[in-house]
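Novice: According to full-length UniProt numbering, the sequence shown holds residues 1 to 256 in order.
Think of the CB as a built atom: it goes at the ideal place given N, C-alpha and C, for glycine as much as any other residue.
Note that the coordinates shown come from a computational prediction; the quantities given were computed from them, not determined experimentally.
I'd like to ask you about the structure that follows.
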Amino acid sequence: PPCLWPLPPPPISTDASPTSTHTSSTSLGERTKLREHGYATKRRSPPKHRGHQGPPSVSRCRVPPACFVVLCVGFVCLTSALLGYDIGVMAGAIVFVKSSFGLSDFMTEVTIGILNLVATGGVILAGMIADSYGRRACVMYTSLTFIAGGLLMTFTPTFEYLLLGRMITGLGVGAGLVITPLYAAEISPAQLRGGLTTMCEISINVGIVLGYVMNYVYVDLPPTVNWRFMIGMGLIPPVVILLGVSGLPEPPRWLM
1 PPCLWPLPPP PISTDASPTS THTSSTSLGE RTKLREHGYA TKRRSPPKHR GHQGPPSVSR
61 CRVPPACFVV LCVGFVCLTS ALLGYDIGVM AGAIVFVKSS FGLSDFMTEV TIGILNLVAT
121 GGVILAGMIA DSYGRRACVM YTSLTFIAGG LLMTFTPTFE YLLLGRMITG LGVGAGLVIT
181 PLYAAEISPA QLRGGLTTMC EISINVGIVL GYVMNYVYVD LPPTVNWRFM IGMGLIPPVV
241 ILLGVSGLPE PPRWLM
């Protein structure tokens with residue numbers, strides 16, 4: 001990927017001779033790690049005249065194309081859209097789920113609310129994964145939990161498996177709430193950061209609308225299977241994420 005955040009020039013010692021070696025503020029290990037992920041680590045040549053060095057000119061910075069950054073953030077925002085999709089699709093599907101399994105009002109409430117309860121643990125776990133293994137690994141973990149939970153809910157033979165699928169999906173919801181704004185803020189340049197981080201909230205609302213649309217599309221199917229199609233359509237975005245996550249660059253903030 002193109003260089004997102006060029007490294008600052010190394011500090012210049014005022015008491016060094018013109019032929020002395022200038023040490024970089026970035027350690028060798030950090031430069032090696034950045035170079036492995038495709039970020040520029042080449043040192044700049046010291047100026048001919050000593051003196052105070054101001055900040056590097058904006059014209060000399062290798063700013064990435066805006067479309068590349070928007071594409072990366074939009075791709076990760078699919079995880080937030082899955083939260084919105086669950087909100088929208090369960091608003092209609094729960095009516096048929098309740099009749100299919102003969103649920104009481106209390107168990108219906110548990111089925112809906114347990115996702116938000118487990119999402120609390122998903123937030124904590126996602127933060128640990130993002131800090132230990134990287135932002136890209138956290139995106140992959142998020143997509144895997146949505147796939148596993150979605151498969152259980154779609155093909156569940158009993159209510160217990162449906163409840164387990166809701167719990168696994170809750171882990172993905174919590175992870176998506178962490179990694180999406182985190183990745184958007186770290187990979188975006190300053191002039192785009194505010195607008196791109198709002199894409200996280202926009203994608204949630206887009207997901208809600210898509211959930212309503214799927215309810216409308218499949219509502220006329222037999223009530224024993226229509227809710228399975230409604231929920232099953234939510235498997236498409238996490239599969240797309242899992243297939244394309246290898247092309248995402250790690251944010252330089254995590255690499256340093």
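Run the proximity test for valine 89: is its beta-carbon closer than 7 Å to any non-hydrogen atom belonging to the ligand COA?
Specialist: No copy of the ligand COA appears in this structure; indeed no ligand is present at all.
Novice: Does the Cβ of cysteine 200 have 16 or more other Cβ atoms within 10 Å, making it buried, or fewer, making it exposed?
Specialist: What you label residue 200 is simply residue 200 of the sequence shown in a count that begins at 1. Flag for cysteine 200 reads buried.
Novice: If you follow the alpha helix (DSSP H) that threonine 224 is in, where does it begin and where does it stop?
Specialist: By 1-based counting over the sequence shown, the position of residue 224 is 224. Where threonine 224 is concerned, there is no enclosing alpha helix (DSSP H), given that its DSSP letter is neither H nor E.
Novice: In three-state DSSP terms, what is valine 240?
Specialist: Here the question's residue 240 lines up with position 240 in the sequence shown. Note: valine 240 maps to helix in three-state DSSP.
Novice: How big is the Cα-Cα spacing for threonine 21 and proline 252?
Specialist: As a first step, residue 21 must be located in the sequence shown, where it is residue number 21. As a first step, residue 252 must be located in the sequence shown, where it is residue number 252. At threonine 21 the pLDDT is 44, less than 50, meaning the model places this residue with poor confidence; the figure from the coordinates comes in the next sentence. Each residue's alpha carbon lies about 26 Å from the other.
Novice: Touching or not, the stretch 182-197 and the stretch 154-173, by the rule of three or more beta carbon pairs under 8 Å?
Specialist: Too few Cβ pairs lie closer than 8 Å, so no.
Novice: Determine, using beta carbons only, whether arginine 228 and tyrosine 183 come nearer to each other than 8 Å.
Specialist: As a first step, residue 228 must be located in the sequence shown, where it is residue number 228. As a first step, residue 183 must be located in the sequence shown, where it is residue number 183. For arginine 228 and tyrosine 183, no; Cβs fall outside 8 Å.
Novice: Decide if glycine 54 is buried, meaning its Cβ has at least 16 other Cβ atoms within 10 Å, or exposed.
Specialist: Sequence index remark: in the sequence shown, residue 54 carries index 54 (1-based). For glycine 54, the predicted structure reports a pLDDT of 46, less than 50, and the residue's modelled location is therefore unreliable. A value from the coordinates is still provided. Exposed, by the Cβ-count rule.
Novice: My assumption, with CB atoms under 8 Å, is that residue 323 sits in contact with threonine 120. Please give the rounded CB distance.
Specialist: No answer is possible for residue 323: it lies beyond the span of the chain, which begins at 1 and ends at 256.
Novice: Does the Cβ-Cβ distance between methionine 140 and leucine 221 come in under 8 Å?
Specialist: Stepping through the sequence shown from its first residue, residue 140 is reached at position 140. Stepping through the sequence shown from its first residue, residue 221 is reached at position 221. Contact flag unset, no.
Novice: Tell me which residue opens and which closes the alpha helix (DSSP H) that valine 219 is part of.
Specialist: The residue given as residue 219 occupies position 219 in the sequence shown. Unbroken run through valine 219: none, as it is neither H nor E.
Novice: Let me confirm a value: threonine 111 is counted as buried when at least 16 other C-beta atoms fall within 10 Å, else exposed. Which label applies?
Specialist: Position 111 of the sequence shown, counted from the start, is the residue given in the question as residue 111. That one is buried.
Novice: Check whether the Cβ atoms of valine 123 and leucine 177 lie closer than 8 Å to each other.
Specialist: The sequence position of residue 123 within the sequence shown is 123, counting from 1. The sequence position of residue 177 within the sequence shown is 177, counting from 1. The answer is yes: Cβ separation under 8 Å.
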